[in-house]
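Student:
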Amino acid sequence: MLHLLLNWIPHQLGCLVIWAGYVAILEKLPHVDKYSLVR
3 MLHLLLNWIP HQLGCLVIWA GYVAILEKLP HVDKYSLVR
């Protein structure tokens with residue numbers, strides 16, 4: 003059970019890092035209105 007958990011956690015962290023990077027890139031693009039993307 004612990005082995006499965008140790009495999010699952012890095013995968014979740016990797017997804018979080020990718021999502022955080024995606025959001026950071028959107029924040030840096032001046033021509034992208036993130037609020038229009040949310041709607």
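When we follow our numbering, the leftmost residue of the sequence shown carries the number 3, and every step to the right adds one.
Yeah, the Cβ is synthetic: ideal placement off N, Cα and C, and Gly gets one too.
The model shown is predicted, which means the values in this text are computed figures rather than measured ones.
What separation, rounded to the nearest whole angstrom, lies between the Cα atoms of L4 and G16?
Tutor: 19 angstroms
Student: Rounded to the nearest angstrom, what separates H13 and V19 at their Cα positions?
Tutor: 10 angstroms
Student: Would you mind reading off the limits of the alpha helix (DSSP H) that contains P12?
Tutor: 4–30
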